[in-house]
Amino acid sequence: MLALQAQELATENGIESFSVDWNFPFKARLRAYWVGYLREQLRVHNSGNKFALTAPDRVKVYKWVSMAWDELSRTTIANGYKKVFGPLLDDADIAVADLIENLSRHCAIDADIGEVDSDDDIEVNEVDEE
């Protein structure tokens with residue numbers, strides 16, 4: 000619903016589609032998955048038999064869409080909405096979100112810890128070296 004309202008607002012104000020910032024990279028990733036799928040069919044094809052392309056099933060296409068969307072950075076998505084609604088997040092918030100997203104993708108962050116309060120800080124006493 001929000002996307003439809005944003006699209007209507009953009010059309011009324013003569014603004015290009017709010018999705019243009021993430022639409023191209025999203026579709027490029029989908030095309031890459033499709034081409035990879037076609038190449039795999041060609042690779043396993045036995046040259047003695049008649050070649051027939053097979054369409055991917057819905058589950059495979061769903062996975063492609065899900066992976067392509069997950070690969071878009073939060074910055075890219077936020078920039079798409081910025082043109083219509085103005086900045087939803089400031090640059091610092093986006094940078095922090097990108098950092099957390101990258102750490103999470105590389106399993107370098109524990110999502111179960113939750114928020115850390117300043118009272119949770121650990122004080123470290125430095126030891127004098129002699």
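Just so we're aligned, residue 0 is where the sequence shown starts under numbering that gives the first Met the number 0, counting upward by one.
Note that CB positions come from ideal geometry on N, CA and C, so glycine has one too.
Small disclaimer: the values here were computed from a predicted structure and weren't measured.
Contacts around residue 58, its chain only, beta-carbon distance under 6 Å, and the 5 residues preceding and following it disregarded:
By 1-based counting over the sequence shown, the position of residue 58 is 59. Counting only Cβ-Cβ distances below 6 Å, and skipping sequence neighbours, we find nothing.
Taking 8 Å as the threshold (C-beta atoms), are residue 76 and residue 21 in contact?
For this step, residue 21 is matched to residue 22 along the sequence shown. For this step, residue 76 is matched to residue 77 along the sequence shown. Contact flag set, yes.
8 Å contact criterion, which residue 40 and residue 52 should meet: CB distance rounded:
As a position in the sequence shown, residue 40 is number 41, starting the count at 1. As a position in the sequence shown, residue 52 is number 53, starting the count at 1. Indeed, because the Cβ distance is near 6 Å, the residues count as touching under 8 Å.
Beta-carbon separation of residue 54 and residue 25 under 8 Å?
The residue given as residue 54 occupies position 55 in the sequence shown. The residue given as residue 25 occupies position 26 in the sequence shown. Not in contact: residue 54 and residue 25 (Cβ atoms no closer than 8 Å).
Am I right that residue 90 and residue 72 are in contact with their C-beta atoms under 8 Å? What's the rounded C-beta distance?
In the sequence shown, residue 90 corresponds to position 91, counting from 1. In the sequence shown, residue 72 corresponds to position 73, counting from 1. Their Cβ separation, rounded to whole angstroms, is 13 Å, which puts residue 90 and residue 72 out of contact at 8 Å.
Where does the unbroken alpha helix (DSSP H) through residue 67 begin, and where does it stop?
Along the sequence shown, one-based indexing puts residue 67 at 68. Here the alpha helix (DSSP H) through residue 67 covers 57-69.
Rounded to whole angstroms, what's the CA-CA distance from residue 94 to residue 74? Just pull it up for me.
For the purposes of this step, residue 94 is taken as the residue at position 95 of the sequence shown. For the purposes of this step, residue 74 is taken as the residue at position 75 of the sequence shown. Roughly 8 Å between the two C-alpha positions.
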